[in-house]
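One structure is given below, encoded as structure tokens.
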Amino acid sequence: MKHTAVLFLLAAAAAAQTEAGRPLPAWTPGTLDIHQISTGRGNAALFILPDGTTLLVDAGAAGDGLPQSEPHPDASRTPGTWIARYAKRHLPTGATGLDYALITHFHGDHMAGIIDVDRALPIRTLIDRGWPDYSYPAPFTDPTMAAYRRFLGERTKTGLTVERFKPGSASQIRAPKCEIRNIIGNGEVWTGSGETTRQLFPALDSLAPADRPSENMCSLGFRLQYGPFRYFTGGDLPGTPDPGFPAWHAMEAAIAGVIGRVDVHVVNQHGSMGEESEEFLRALRSTVLIVPAWAASHPAPDVLKRIMNSRLPPAPRYVFTTEMREAARIVIGQRATQLAGPPGHIVVRVAHGGDHYQVYVLDNRDERDLILAAKGPFQANQ
Numbered sequence: 007m008k009h010t011a012v013l014f015l016l017a018a019a020a021a022a023q024t025e026a027g028r029p030l031p032a033w034t035p036g037t038l039d040i041h042q043i044s045t046g047r048g049n050a051a052l053f054i055l056p057d058g059t060t061l062l063v064d065a066g067a068a069g070d071g072l073p074q075s076e077p078h079p080d081a082s083r084t085p086g087t088w089i090a091r092y093a094k095r096h097l098p099t100g101a102t103g104l105d106y107a108l109i110t111h112f113h114g115d116h117m118a119g120i121i122d123v124d125r126a127l128p129i130r131t132l133i134d135r136g137w138p139d140y141s142y143p144a145p146f147t148d149p150t151m152a153a154y155r156r157f158l159g160e161r162t163k164t165g166l167t168v169e170r171f172k173p174g175s176a177s178q179i180r181a182p183k184c185e186i187r188n189i190i191g192n193g194e195v196w197t198g199s200g201e202t203t204r205q206l207f208p209a210l211d212s213l214a215p216a217d218r219p220s221e222n223m224c225s226l227g228f229r230l231q232y233g234p235f236r237y238f239t240g241g242d243l244p245g246t247p248d249p250g251f252p253a254w255h256a257m258e259a260a261i262a263g264v265i266g267r268v269d270v271h272v273v274n275q276h277g278s279m280g281e282e283s284e285e286f287l288r289a290l291r292s293t294v295l296i297v298p299a300w301a302a303s304h305p306a307p308d309v310l311k312r313i314m315n316s317r318l319p320p321a322p323r324y325v326f327t328t329e330m331r332e333a334a335r336i337v338i339g340q341r342a343t344q345l346a347g348p349p350g351h352i353v354v355r356v357a358h359g360g361d362h363y364q365v366y367v368l369d370n371r372d373e374r375d376l377i378l379a380a381k382g383p384f385q386a387n388q
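Each residue of the sequence shown is one higher than the one before, starting from 7 at the first, in this note's numbering.
What follows is the structure in structure tokens.
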């Protein structure tokens with residue numbers, strides 16, 4: 007049986023190499039698709055679960071005018087509109103909206119495009135970290151959040167359900183044959199037992215203002231499991247604390263053990279400095295890592311060095327990035343040539359039952375979604 011499985015994987019790997027230049031084949035029932043969408047303006051990931059349930063995680067729309075940060079495919083539409091158009095091309099036949107959307111935290115490069123997405127693809131249930139009062143760790147007063155809250159007020163009158171993320175829950179996002187376990191939100195982390203949680207952050211009134219949790223630290227993170235396949239994503243959760251800051255700012259170390267081993271994970275905070283600590287990498291042991299890069303500072307050279315380090319199991323690791331700006335490429339140097347594929351939309355396609363998966367890179371320069379590279383298949387839980 008094992009010999010048969012090896013032969014199958016070898017044949018599938020050979021087939022994958024012939025797919026470059028072709029459109030990505032459509033999703034089929036029983037398959038799990040995870041698309042890390044590359045707009046050059048922030049994070050967005052489309053999940054098509056095995057029964058056809060759809061989930062969008064983040065809808066970034068960072069501002070124009072930043073050096074070395076042109077949008078994809080171009081600037082003729084808003085990032086949210088590009089995200090919606092991409093999703094429409096890949097949703098199951100007949101789908102007219104999104105079952106779920108989840109906002110990991112309230113920064114523009116993760117949430118500013120959600121209104122445009124909803125206009126094109128109405129969302130049924132939206133999950134974030136702040137509903138309904140948006141007061142933790144302090145009330146929000148910025149224009150982006152004001153627009154977001156107006157949007158929620160209007161859309162809840164026309165059918166949108168909004169929920170606060172429930173750390174520890176494995177039933178808030180429901181899909182047959184998959185478990186989506188809420189790991190962390192607002193510093194409240196699952197213990198690994200039942201749905202119980204513990205709080206990582208000290209009481210706010212015990213902290214100096216400079217030591218209070220940042221927006222990134224409040225990010226939501228979840229683990230998805232389909233058969234033996236496991237995946238983790240956690241927004242902009244920070245890794246090691248900045249020098250002189252409290253040790254509890256090291257969020258990765260606190261959650262690594264309860265996440266456990268996964269096959270694929272999204273690199274925290276775009277691969278910025280200090281993320282992807284050794285403890286985190288050792289606990290997750292991911293074969294595939296996806297960097298949701300968009301700015302010239304993504305990924306940081308030290309982070310890329312750590313996540314490619316062959317002395318940490320498993321080896322080899324396959325690192326993909328949605329973007330590699332020229333400024334980043336110059337600073338990173340030779341290591342930039344060791345990525346598993348070119349920049350673009352990164353699609354993880356998990357086969358029926360979750361036993362194995364492949365990774366595709368799609369061209370982000372137009373809307374044909376042609377395959378630039380394919381890796382795998384990889385055996386899940388190896």
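Beta carbons: idealized from backbone N, C-alpha and C, even for Gly.
What's the gap between the Cα of residue i and the Cα of residue j?
{"i": "leucine 318", "j": "valine 325", "result": "14 Å"}
{"i": "proline 187", "j": "arginine 229", "result": "The sequence as given places arginine at residue 187; proline does not occur at that position. C-alpha separation (whole angstroms): 5 Å."}
{"i": "valine 264", "j": "glycine 227", "result": "12 Å"}
{"i": "leucine 108", "j": "valine 272", "result": "15 Å"}
{"i": "valine 365", "j": "phenylalanine 286", "result": "22 Å"}
{"i": "asparagine 222", "j": "alanine 209", "result": "18 Å"}
{"i": "arginine 135", "j": "aspartate 242", "result": "13 Å"}
{"i": "glutamate 373", "j": "leucine 166", "result": "29 Å"}
{"i": "glutamate 282", "j": "methionine 314", "result": "11 Å"}
{"i": "threonine 60", "j": "leucine 104", "result": "6 Å"}
{"i": "glutamate 201", "j": "phenylalanine 207", "result": "19 Å"}
{"i": "asparagine 387", "j": "valine 354", "result": "15 Å"}
{"i": "phenylalanine 171", "j": "serine 141", "result": "15 Å"}
{"i": "glycine 69", "j": "alanine 81", "result": "11 Å"}
{"i": "tyrosine 232", "j": "alanine 214", "result": "43 Å"}
{"i": "glycine 280", "j": "alanine 262", "result": "15 Å"}
{"i": "proline 128", "j": "histidine 362", "result": "32 Å"}
{"i": "aspartate 211", "j": "glutamate 169", "result": "26 Å"}
{"i": "histidine 1", "j": "threonine 131", "result": "Residue 1 lies beyond the residue range present for the chain, which begins at 7 and ends at 388; the question has no answer from this structure."}
{"i": "methionine 7", "j": "phenylalanine 238", "result": "Because methionine 7 sits at a pLDDT of 49, beneath the cut-off of 50, its placement in the model cannot be relied upon, and the point is left open."}
{"i": "leucine 290", "j": "phenylalanine 235", "result": "13 Å"}
{"i": "leucine 13", "j": "alanine 321", "result": "Caution applies to leucine 13, whose pLDDT of 49 falls short of 50 and renders its modelled position unreliable; the value that the coordinates give is listed next. Each residue's Cα considered, the two are about 21 Å apart."}
{"i": "threonine 10", "j": "glycine 360", "result": "In this prediction, threonine 10 has a pLDDT of 49, which is less than 50 and means its spatial position is unreliable; what the coordinates show is noted afterwards. Cα to Cα, threonine 10 sits roughly 17 Å from glycine 360."}
Can you check whether the CB of residue j is closer than 8 Å to the CB of residue i?
{"i": "glycine 66", "j": "alanine 118", "result": "yes"}
{"i": "serine 292", "j": "valine 268", "result": "yes"}
{"i": "alanine 256", "j": "glycine 245", "result": "yes"}
{"i": "valine 297", "j": "phenylalanine 384", "result": "no"}
{"i": "histidine 299", "j": "glutamate 25", "result": "Reading off the sequence, residue 299 comes out as alanine, not histidine. Going by C-beta atoms, alanine 299 is not nearer than 8 Å to glutamate 25."}
{"i": "leucine 55", "j": "histidine 41", "result": "no"}
{"i": "histidine 111", "j": "serine 225", "result": "yes"}
{"i": "histidine 358", "j": "glycine 36", "result": "yes"}
{"i": "aspartate 64", "j": "asparagine 49", "result": "yes"}
{"i": "arginine 180", "j": "aspartate 375", "result": "no"}
{"i": "valine 367", "j": "glycine 382", "result": "no"}
{"i": "tyrosine 106", "j": "isoleucine 133", "result": "yes"}
{"i": "proline 145", "j": "arginine 218", "result": "no"}
{"i": "alanine 439", "j": "valine 195", "result": "No statement about residue 439 is possible, as the shown extent of the chain runs from 7 to 388 and does not include it."}
{"i": "glutamine 205", "j": "glycine 193", "result": "yes"}
Quick one: what does DSSP say residue i is sitting in, helix, strand or coil?
{"i": "threonine 10", "result": "In this prediction, threonine 10 scores a pLDDT of 49, lower than 50, which makes its location untrustworthy; the coordinate-derived value is nonetheless stated afterwards. Of the three classes helix, strand and coil, the one that applies to threonine 10 here is helix, per DSSP."}
{"i": "arginine 288", "result": "helix"}
{"i": "proline 29", "result": "strand"}
{"i": "histidine 116", "result": "helix"}
{"i": "valine 273", "result": "coil"}
{"i": "proline 249", "result": "coil"}
{"i": "valine 264", "result": "helix"}
{"i": "leucine 206", "result": "coil"}
{"i": "alanine 259", "result": "helix"}
{"i": "threonine 343", "result": "helix"}
{"i": "alanine 386", "result": "coil"}
{"i": "leucine 310", "result": "helix"}
{"i": "alanine 334", "result": "helix"}
{"i": "arginine 389", "result": "Residue numbering for the chain in the displayed model covers 7 to 388; residue 389 lies beyond these limits and cannot be assessed."}
{"i": "leucine 213", "result": "coil"}
{"i": "arginine 317", "result": "coil"}
{"i": "arginine 236", "result": "strand"}
{"i": "arginine 229", "result": "strand"}
**Asked** Of all the beta strand (DSSP E) runs that stay within the bounds of the region 33-109, which reach a length of 3 or more residues?
**Response** 38-42, 50-54, 60-65, 104-108
**Message:** What ranges does the beta strand (DSSP E) occupy inside the region 127-203, keeping only unbroken runs of at least 3 residues that lie completely in it?
**Reply:** 129-134, 167-170, 184-191, 194-196
**Message:** Taking 8 Å as the cut-off, does the region 336-347 touch the region 306-322 (at least 3 CB pairs, one atom from each stretch)?
**Reply:** yes
**Request:** Flag this pair as touching only if the region 144-160 and the region 169-181 have three or more C-beta atom pairs under 8 Å; answer yes or no.
**Result:** no
**Item:** Cβ contact (3+ pairs, closer than 8 Å) linking the region 33-51 and the region 84-98
**Value:** yes
**Asked** Which ranges would you report for the beta strand (DSSP E) in the region 346-371 if only whole runs of at least 3 residues count?
**Response** 351-356, 362-368
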